[in-house]
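Report on one structure; see the data block that follows.
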Amino acid sequence: MAAPRESVSLLFKLYCLAVMTLMAAAYTIALRYTRTSDKELYFSTTAVCITEVIKLLLSVGILAKETGSLDRFKASLRENVLRSPKELMKLSVPSLVYAVQNNMAFLALSNLDAAVYQVTYQLKIPCTALCTVLMLNRTLSKLQWISVFMLCGGVTLVQWKPAQATKIVVEQNPLLGFGAIAIAVLCSGFAVLASVGGLYTSVVVKYTDNIMKGFSAAAAIVLSTISSVMLFGLQITLTFALGTLLVCVSIYLYGLPRQDTTSIQQGETASKERVIGV
1 MAAPRESVSL LFKLYCLAVM TLMAAAYTIA LRYTRTSDKE LYFSTTAVCI TEVIKLLLSV
61 GILAKETGSL DRFKASLREN VLRSPKELMK LSVPSLVYAV QNNMAFLALS NLDAAVYQVT
121 YQLKIPCTAL CTVLMLNRTL SKLQWISVFM LCGGVTLVQW KPAQATKIVV EQNPLLGFGA
181 IAIAVLCSGF AVLASVGGLY TSVVVKYTDN IMKGFSAAAA IVLSTISSVM LFGLQITLTF
241 ALGTLLVCVS IYLYGLPRQD TTSIQQGETA SKERVIGV
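Here it is as structure tokens:
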């Protein structure tokens with residue numbers, strides 16, 4: 001049975017969602033801007049390494065705050081890190097996969113507009129759903145399967161005739177960008193959290209629900225599109241608009257809670273028993 005969700009105020013939930021939405025949109029726009037600059041480009045591997053260092057420092061800081069004293073902090077590190085080599089080896093697998101995913105994000109945003117990337121990257125939802133079905137033997141509701149196919153259709157429309165950014169003068173390879181997104185999407189099925197954004201995602205998972213997370217993802221797409229129009233001169237096509245709408249709707253539908261049919265079935269069984277008894 002899942003642990004009960006902690007009760008927090010609506011204001012705090014909205015704060016968490018607003019921060020995650022802004023961070024998701026700002027990350028994509030900032031990365032796109034820096035990768036299309038006419039100045040000398042930085043190494044994407046260096047940026048990924050710095051991201052992981054920041055995540056490490058933040059995690060250590062949170063652990064230090066939770067332990068409350070230096071002795072308990074050292075004991076926790078010794079028990080959970082130094083004396084748990086097998087656990088470290090297990091964690092190295094998603095860490096390596098996520099390093100690949102982060103580098104693919106840099107490559108994708110060097111060749112695709114931020115809005116196109118933000119929409120296409122939502123393929124991580126059906127990819128993760130497929131992994132849960134095949135690897136964890138979980139089932140999806142009919143509505144979730146419909147939303148998955150709807151999302152794939154929306155991404156197909158976006159890629160059918162992608163929107164063009166008129167203010168970008170660097171040479172781009174959309175096919176290479178889409179291939180990079182495909183690899184990143186596959187990797188996201190195994191690794192989920194990412195630096196500060198990942199930490200905020202974990203907060204949202206703890207204090208909110210899938211509907212609010214879906215709203216955040218859709219809002220990030222809208223913000224990225226608006227920013228791309230203003231900063232990069234993105235020209236939105238009809239297919240792009242329709243595809244984006246389908247993706248946003250599918251994200252919302254996928255996050256809807258599954259109907260609990262247990263009480264309904266029990267009620268029907270009780271009714272049948274009463275009829276038989278009569």
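Residues in the sequence shown are numbered consecutively from 1, following full-length UniProt numbering.
Where a beta carbon is used, it is the ideal one built from N, C-alpha and C, also for glycine.
None of these values were measured; they are calculated from a predicted model.
query: Under the three-state DSSP convention, the category Gln-235 falls into; result: strand
query: Separation of Gly-68 from Ile-62, as counted between CA atoms; result: 10 Å
query: Classification of Asn-103 by the beta-carbon crowding that lies within 10 angstroms, buried from 16 upward; result: buried
query: Simplified DSSP state of Ala-75, which is helix, strand or coil; result: helix
query: The region 126–137 touching the region 215–225, judged by at least three CB pairs closer than 8 Å; result: no
query: CB contact flag (Val-158, Val-116, <8 Å); result: yes
query: Residues near Ser-110 in its chain [Cβ-Cβ closer than 6 Å; skip 5 each side]; result: Arg-35
query: Gln-172 in three-state terms, based on DSSP; result: coil
query: Spatial neighbours of Ala-194 in its chain, beta-carbon cut-off 6 Å, leaving aside the 5 residues before and after; result: Because Ala-194 sits at a pLDDT of 46, beneath the cut-off of 50, its placement in the model cannot be relied upon, and the following sentence gives the value as read from the coordinates. If we look at Ala-194 and ignore the five residues flanking it on each side, it has no Cβ neighbours.
query: Where Asn-102 falls: helix, strand or coil (DSSP); result: helix
query: Endpoints, alpha helix (DSSP H) assigned at Glu-66; result: 44–67
query: Exposure of Thr-45, with buried meaning 16 or more beta-carbon neighbours within 10 Å; result: exposed
query: Sequence-distant residues of the same chain with beta carbon closer than 6 Å to Gly-150, five excluded per side; result: It should be pointed out that residue 150 corresponds to Met in this sequence rather than to Gly. Contacts found: Leu-246, Ser-250.
query: Other residues of its chain near Gln-172: CB distance less than 6 Å, five sequence neighbours each side excluded; result: Asn-111
query: Contact check, Gln-101 vs Val-155, beta carbons under 8 Å; result: no
query: Which of helix, strand or coil DSSP assigns to Ser-95; result: helix
query: Residues of its chain near Ser-76, where Cβ-Cβ distance is below 7 Å and the 5 sequence neighbours each way are ignored; result: Leu-63, Thr-67
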